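> I have a structure here, written as structure tokens, and I will follow up with some questions on it.
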Amino acid sequence: MTLSDLSPAEVGRRLGGDGLAIRTGPLNFRIVSGIQSVAEGLTSLYSDYPLADDHEFVDFTVTLARSSGLRRWWRPQVEFTYDGQSPFAPLPVDHAFPLLEWAMNWCISTQAHQYLCLHAAAIEKNGFAAIMPAPPGSGKSTLCAGLVSRGWRLLSDELTLISLTDGLIVPLGRPISLKNESLDVIRQFVPGAVLNRVTHDTSKGSVSHMKVPVSHVNRLNDQARAGWVIFPKYVPGAGAELTARSKANSMLELGRNAFNYTVLGLAGFEMLADVVSASDCYDFTYSRLDDAVSVFDKLAEGRRA
20 MTLSDLSPAE
30 VGRRLGGDGL
40 AIRTGPLNFR
50 IVSGIQSVAE
60 GLTSLYSDYP
70 LADDHEFVDF
80 TVTLARSSGL
90 RRWWRPQVEF
100 TYDGQSPFAP
110 LPVDHAFPLL
120 EWAMNWCIST
130 QAHQYLCLHA
140 AAIEKNGFAA
150 IMPAPPGSGK
160 STLCAGLVSR
170 GWRLLSDELT
180 LISLTDGLIV
190 PLGRPISLKN
200 ESLDVIRQFV
210 PGAVLNRVTH
220 DTSKGSVSHM
230 KVPVSHVNRL
240 NDQARAGWVI
250 FPKYVPGAGA
260 ELTARSKANS
270 MLELGRNAFN
280 YTVLGLAGFE
290 MLADVVSASD
300 CYDFTYSRLD
310 DAVSVFDKLA
320 EGRRA
């Protein structure tokens, strides 16, 4: 059963009751919320995701609820709680769905230590994955959304999970986060893209999320081998250009982008070294998505599983 098998009324009923349990790759989330925008966002973006059965283990139960007291009526706010704690400050209630996505990322990056967790996008073609770490404003998510719409499979937009047992990259495949100018770029580049309503005035500006193609959701169990580590940067007016970078420097920078590198200790170091050793490492500048897709497709032609 997928979320689309439920009526909007049933989605709202479950969210407002014991919660709605959704499979997101290897991790199951139970989401509890009586806020309408959360129900609308899930219905729009997660319709193709399988629901967890009653007997399945749920990794994280997250709750988004309106703040109590006067805040319930005056400038209402939403509060995220997990395991009885509220790690974030309350936000305006119309920020509830972006907060859900940020909260899910927080749960994974702080708790899922069975994986080496990188702050990076990951996409796959021909069985090999391109890992793309980058700071905010680098154009990583825009590039990821563009490539996903042109034949690359989404593994993750924000969190790259690497199995500590075999070094394979495990798909999360959750919606792609887009903000500010990138929203118009993707609307033009991907006319059929499904995006949920834009939330304005967040800490990241105007934010929306792009739905993952159903064919990608159907492959959430298909892992991939690392093939490239690519550090992207959007530069206005620049051509699409790959520049080789050293593996030593790439490993150092990947370590800086790892959430649990120090937690894992030697196991994290050795896995990161294996990933970098197996990958071609590049810096990448671009301004036009069409040019970027062409460069990435040429990379993929040179590697096939």
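Add 19 to the 1-based position in the sequence shown for my numbering, that's all there is to it.
By construction, the Cβ of each residue, glycine as well, lies at the ideal position given by its N, Cα and C atoms.
As the structure is a prediction and not an experimental result, all values here were calculated from the model.
1. Could you check if D220 is buried or exposed, using at least 16 other CB atoms within 10 Å of its CB as the buried criterion?
2. Out of L174, L135, G224 and K223, state which residue places its alpha-carbon closest to the alpha-carbon of L239.
3. My assumption, with CB atoms under 8 Å, is that D67 sits in contact with V189. Please give the rounded CB distance.
4. Determine the DSSP secondary structure at P69, reduced to helix, strand or coil.
5. Using only CA atoms, which one of G35, F315, V314 and T218 lies nearest to P117?
6. Please tell me whether L135 and L183 are closer than 8 Å, where the distance is taken between their beta carbons.
7. Considering P117, what are the terminal residues of the alpha helix (DSSP H) in which it resides?
8. Can you tell me whether DSSP reads D102 as helix, strand or coil?
9. Output the boundary residues of the alpha helix (DSSP H) element that contains V226.
10. So A148 packs on F315, CB below 8 Å; how close in whole Å?
11. Could you please give the first and the last residue of the uninterrupted alpha helix (DSSP H) stretch that includes L285?
12. Once the 5 residues before and after D299 are set aside, which same chain residues still bring their CB inside 6 Å of it?
13. Reducing DSSP to helix, strand and coil, say where H138 ends up.
14. Is the distance from the Cβ of D152 to the Cβ of A164 below 8 Å?
15. Cα separation between L166 and L318?
16. How do the segment 53-72 and the segment 210-217 stand: do at least 3 beta-carbon pairs fall below 8 Å, yes or no?
17. Are the CB atoms of S56 and L34 within a distance shorter than 8 Å?
18. For the segment 209-288, which segments carrying the beta strand (DSSP E) assignment without a break, of at least 3 residues, lie completely within its bounds, in sequence order?
19. With DSSP as the reference, label Q207 as helix, strand or coil.
20. Relative to the alpha-carbon of T129, which residue among M229, P111 and F79 has its alpha-carbon at the smallest distance?
21. Distance check for S168 and K144, CA to CA, integer angstroms please.
22. Could you pull the start and end residues of the alpha helix (DSSP H) that S160 belongs to?
23. Give a yes or no on whether the minimum CB-CB distance between Y101 and chain D is below 8 Å.
24. How should R323 be labelled, buried or exposed, when 16 other C-beta atoms within 10 angstroms of its C-beta is the threshold for buried?
25. Quick one: residues in its chain with C-beta nearer than 8 Å to the C-beta of V233, no 5 flanking neighbours on either side, listed in chain order?
26. Below 8 Å, can you find three or more Cβ-Cβ pairs linking the segment 34-46 to the segment 104-118?
27. Could you check which residue in E59, I205, H114 and N279 has the C-alpha nearest to that of K159?
28. Report yes if the CB atom of F97 is closer than 8 Å to the CB atom of V81, and no otherwise.
29. Please return the same chain residues whose Cβ sits closer than 7 Å to the Cβ of V294, not counting the five positions on each side in sequence.
30. Excluding the five sequence neighbours on either side, which residues of its own chain have a C-beta within less than 6 Å of the C-beta of Y305, listed in chain order?
31. What are the boundary residues of the alpha helix (DSSP H) that S313 is part of?
32. Have a look at V30, F48, D24 and P155 and flag the residue whose alpha-carbon is nearest the alpha-carbon of D222.
Concretely, from the data shown:
1. exposed
2. L174
3. That pair is no contact at about 19 Å.
4. strand
5. T218
6. yes
7. A115 to Q130
8. coil
9. Note, V226: premise wrong, no alpha helix (DSSP H); beta strand (DSSP E) at G224 to M229.
10. The pair is not a contact, with the Cβ atoms about 12 Å apart (cut-off 8 Å).
11. L285 to S296
12. W247
13. strand
14. The sequence given here has Pro at residue 152, not Asp. Against a cut-off of 8 Å, the Cβ pair of A164 and P152 comes out as no contact.
15. 13 Å
16. yes
17. no
18. 218-221, 224-229, 244-253 and 260-263
19. helix
20. F79
21. 12 Å
22. K159 to V167
23. Within the model displayed, chain D is absent; a lone protein chain is all it includes.
24. exposed
25. D67
26. no
27. I205
28. In the sequence as presented, Phe is not what sits at residue 97; that position holds Val. Going by C-beta atoms, V97 is not nearer than 8 Å to V81.
29. I181, G186 and A245
30. A259 and A311
31. L308 to E320
32. Position check: residue 222 holds Ser in this sequence, whereas Asp was assumed. Comparing Cα-Cα distances from S222 to each of V30, F48, D24 and P155, the minimum goes to P155.
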